[in-house]
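Right, one structure below, let's go through it.
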Amino acid sequence: MIPGRFDYHRPASVEDAVALLARLGEEANILAGGHSLIPLMKTRLASPEHLVDLSGIGNLKGISVQGDEVVIGAMTTQFELISSEELGRHVPIIAETSRLIADPQIRYKGTFGGNVANGDPGNDLPALMMCLGATYAVTGPDGSREIAARDFYQGAYFTALEHGEILTAVRIPIPSPDHGYAYEKLKRKVGDYATAAAAVVITMADGKCTSASIGLTNVSETPLWASDAAAMLVGTSLDKASVDAAVAAAEAITEPASDMRGPAEYRTKMAGVMMRRALERARSRAKG
Amino acid sequence: MAKSHIELTINGKKVEALVEPRTLLIHFLREQQNLTGAHIGCDTGHCGACTVEMDDMSVKSCMTFAVQANGANITTIEGMANPDGTLSALQEGFRMMHGLQCGFCTPGMILRAHRLLRENPAPTEDEIRNGIAGNLCRCTGYVNIVKAIQYAAAKINGTPFQEAAE
Numbered sequence: 015m016i017p018g019r020f021d022y023h024r025p026a027s028v029e030d031a032v033a034l035l036a037r038l039g040e041e042a043n044i045l046a047g048g049h050s051l052i053p054l055m056k057t058r059l060a061s062p063e064h065l066v067d068l069s070g071i072g073n074l075k076g077i078s079v080q081g082d083e084v085v086i087g088a089m090t091t092q093f094e095l096i097s098s099e100e101l102g103r104h105v106p107i108i109a110e111t112s113r114l115i116a117d118p119q120i121r122y123k124g125t126f127g128g129n130v131a132n133g134d135p136g137n138d139l140p141a142l143m144m145c146l147g148a149t150y151a152v153t154g155p156d157g158s159r160e161i162a163a164r165d166f167y168q169g170a171y172f173t174a175l176e177h178g179e180i181l182t183a184v185r186i187p188i189p190s191p192d193h194g195y196a197y198e199k200l201k202r203k204v205g206d207y208a209t210a211a212a213a214v215v216i217t218m219a220d221g222k223c224t225s226a227s228i229g230l231t232n233v234s235e236t237p238l239w240a241s242d243a244a245a246m247l248v249g250t251s252l253d254k255a256s257v258d259a260a261v262a263a264a265e266a267i268t269e270p271a272s273d274m275r276g277p278a279e280y281r282t283k284m285a286g287v288m289m290r291r292a293l294e295r296a297r298s299r300a301k302g
Numbered sequence: 688m689a690k691s692h693i694e695l696t697i698n699g700k701k702v703e704a705l706v707e708p709r710t711l712l713i714h715f716l717r718e719q720q721n722l723t724g725a726h727i728g729c730d731t732g733h734c735g736a737c738t739v740e741m742d743d744m745s746v747k748s749c750m751t752f753a754v755q756a757n758g759a760n761i762t763t764i765e766g767m768a769n770p771d772g773t774l775s776a777l778q779e780g781f782r783m784m785h786g787l788q789c790g791f792c793t794p795g796m797i798l799r800a801h802r803l804l805r806e807n808p809a810p811t812e813d814e815i816r817n818g819i820a821g822n823l824c825r826c827t828g829y830v831n832i833v834k835a836i837q838y839a840a841a842k843i844n845g846t847p848f849q850e851a852a853e
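Chains as they are written, first to last, in our numbering: chain W, 15 to 302; chain R, 688 to 853.
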C-alpha cells in the first residue's frame with residue numbers, strides 16, 4: 015500500500031512549524047511518530063498534501079521536574095517514557111501504562127504528544143492524563159495557551175486543539191510519594207486497543223481513602239474522567255459496598271460502541287472490572 | 688511534489704538518494720537499495736517482518752517514510768553477519784536452535800532480538816517473549832525462536848547455554 019503524494023517539511027523550531035501550518039492551511043498534517051497517521055495514509059483514509067514533521071525540533075523532547083510538576087515534551091517517545099528513571103520515581107503509572115501501548119517497535123517511534131493529542135479514544139494516555147490532572151501546553155498562530163486534559167477531549171478525533179496549533183509539552187502534577195496507582199487494560203492481543211481500561215490513583219491514611227482519581231479508556235467517544243465514582247470512594251476504607259457503588263457510578267457514564275471487541279454491555283462491565291482490579295492494585299501500593 | 692535528498696548510513700555504508708516523500712523506508716531499502724532481506728508481511732504495522740535497526744531503535748520500516756530516516760544509521764539483516772562473513776551469534780542461534788521454518792519472519796526477528804539483547808543482555812524467557820511481541824511468526828515457531836535468542840545471549844555473554852525445559 016502506497017500513500018498519496020505529499021510535500022515534506024521538517025522545520026527546526028516551533029515558530030517555524032506554526033508559520034508553516036498557518037501558510038499551508040487545512041491540507042497540512044503534523045507528523046510526529048507517524049504510527050497513527052501513516053497507516054491512515056497507506057489506506058488513503060488520509061491524504062494530506064503536506065506533512066510537517068516535528069522531529070527536527072530539539073526542544074520538544076525530554077522529561078524534567080519543574081517544581082511540583084513533571085514536564086514532558088510532546089515528541090518524547092513512549093520508549094523514553096518507559097526508560098526514564100526520574101519519571102518512574104515520580105509518576106510510575108506513566109511507564110506502567112506505556113508498556114501496554116502497541117508493541118516494542120511502535121513504542122520507539124510513537125510519541126507521548128501524538129498519543130494524547132490525536133483524539134483517538136482507543137489511545138491509553140489520554141484517560142491517564144485526565145486521571146492525573148495534566149495540563150497541555152499548545153502553541154499556535156495567536157500565541158501559546160494551556161488546556162486542561164479534562165477539558166481537551168470533545169469527541170472521537172475531535173479535541174480542543176485548533177488547526178494550526180501544536181501541542182508542545184504536558185505538565186503533570188507529581189502525586190504524593192505515598193500514592194497508590196494502577197493501569198488495568200483488557201485487550202484481545204498485543205498491539206490491540208483496549209476493550210476497556212482504567213487508570214486509578216489514590217492516597218490512603220489510617221486505612222481510609224483520602225483522595226481518588228479514575229480515568230477510563232475506550233468506553234466512550236472520548237476518554238472519561240470518572241469524578242463522581244472517585245468522590246464516592248473518598249472517606250471510605252474501600253470496603254466492598256463502597257467499591258461496588260463506585261464501580262456502578264463509573265459504569266453509568268460509559269457509552270461504548272458495540273464492535274469486534276464485544277457488545278456495548280460487555281465493554282461497560284469490563285470497564286467496571288478493570289476499575290475494580292486497578293483499585294485493588296492501587297490500594298496494595300498505597301502507603302498509609 | 689519535490690523529491691527529497693536524503694543521506695544515511697546503511698550497514699556501515701554511506702548512501703545518498705533522491706526519494707519521493709511518500710516512499711516508505713521498506714520500499715526504499717528493497718527497491719532502490721536492493722536490500723530485500725527485510726520483508727513486507729502484513730503491510731499494516733502488525734507483523735514486524737519489515738523490522739530494521741534505525742539509530743538504536745527497532746522500527747517497522749513499512750510504517751516509516753524514507754525521509755524520516757534522513758541522517759539515520761540503519762542496519763538490515765544484510766549487515767548482521769560478522770565482518771569476516773561468519774554468522775553472528777543471533778544468526779548462529781537461529782540456525783542451531785531451528786529458529787526458522789519458512790524463514791519469512793526471520794530477518795525481522797533477528798533485528799528485533801539484536802536490539803533487545805543490546806538493551807537487556809541476559810533476558811529471561813518472559814522478557815524475550817515480551818520483547819518480540821511485535822513480531823509474528825505464522826509458522827508459530829516461537830519456542831525455537833526463544834531458544835535461538837537464549838543461545839545468542841549465552842554466546843555473547845560467554846555463559847553456558849541451557850535449553851529451557853519443554
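Virtual Cβ for every residue (Gly too), placed ideally from N, Cα, C.
Annotation for S748/R: no alpha helix (DSSP H) segment contains it, and DSSP assigns it neither H nor E. With distances taken between CA atoms, V130/W lies nearest to F166/W out of A243/W, V105/W, P106/W and F166/W.
Contact of M767/R with chain W by beta-carbon distance below 9 Å is absent, the smallest such distance being about 17 Å.
Burial state of C826/R is exposed, judged by a 10 Å Cβ sphere holding fewer than 16 other Cβ atoms.
For C223/W, the uninterrupted beta strand (DSSP E) run begins and ends at K222 to T231, by DSSP.
Contact with chain W is absent for D771/R, since none of that chain's Cβ atoms lies less than 8 Å from the residue's Cβ. Taking C-beta separations shorter than 8 Å and ignoring five residues to either side along the sequence, the partners of G780/R in its chain run G786, K834, A835, I836, Q837, Y838, A839 and K842, following chain order. Across the set R299/W, V152/W and G194/W, the C-alpha of V152/W shows the shortest separation from the C-alpha of G178/W.
Rounded to the nearest angstrom, the Cβ distance from I216/W to G194/W is 5 Å, consistent with a contact under 8 Å. For A208/W, the three-state secondary structure derived from DSSP is coil.
Nearest in C-alpha terms to C145/W, of all of I228/W, A245/W and A243/W, is I228/W. Taking a Cβ-Cβ cut-off of 7 Å, the neighbours of A820/R in chain W comprise D117, P118 and V204, given in sequence order. Between I86/W and I77/W, the C-beta gap is smaller than 8 Å, which places the two residues in contact. Residues are counted here when their Cβ sits less than 9 Å from a Cβ of chain W; for the segment 693 to 720 of chain R these are E707, P708, R709, T710, L711 and H714, given in chain order. Take G47/W, set aside five residues on each side of it, and the residues of its chain with a beta-carbon closer than 6 Å to its own are K123, G124, T125 and G128, in chain order. Scanning C734/R, M750/R, E707/R and N822/R for the CA closest to the CA of I713/R turns up M750/R.
Of the residues assessed, T763/R falls on the buried side of the cut-off, its CB having 16 or more other CB atoms within 10 angstroms. Under the 8 Å criterion on CB atoms, Y195/W is classed as non-interfacial with respect to chain R. For the beta strand (DSSP E) assignment, the uninterrupted runs of no fewer than 3 residues enclosed by the segment 748 to 826 of chain R are, from N- to C-terminal side, 760 to 762.
Sequence-distant Cβ neighbours of A768/R in its own chain, meaning closer than 8 Å and more than five residues away, are L774, S775 and Q778. In this structure, R19/W is the residue among R19/W, P237/W, P106/W and A196/W with its C-alpha nearest to the C-alpha of L711/R.
When secondary structure is reduced to three states using DSSP, H64/W falls in the strand class. Beyond the five residues adjoining it in sequence on each side, G795/R comes within less than 6 Å, by CB distance, of G735, A736, T738 and N822 in the same chain, given in chain order. Taking 4 residues as the shortest admissible run, the segment 156 to 194 of chain W contains the following complete alpha helix (DSSP H) segments, listed from N- to C-terminal end: 163 to 166.
With respect to the C-alpha of D220/W, the residue from G249/W, R164/W and T57/W having the closest C-alpha is G249/W. Interface criterion not met: the Cβ of V830/R is under 8 Å from no Cβ in chain W.
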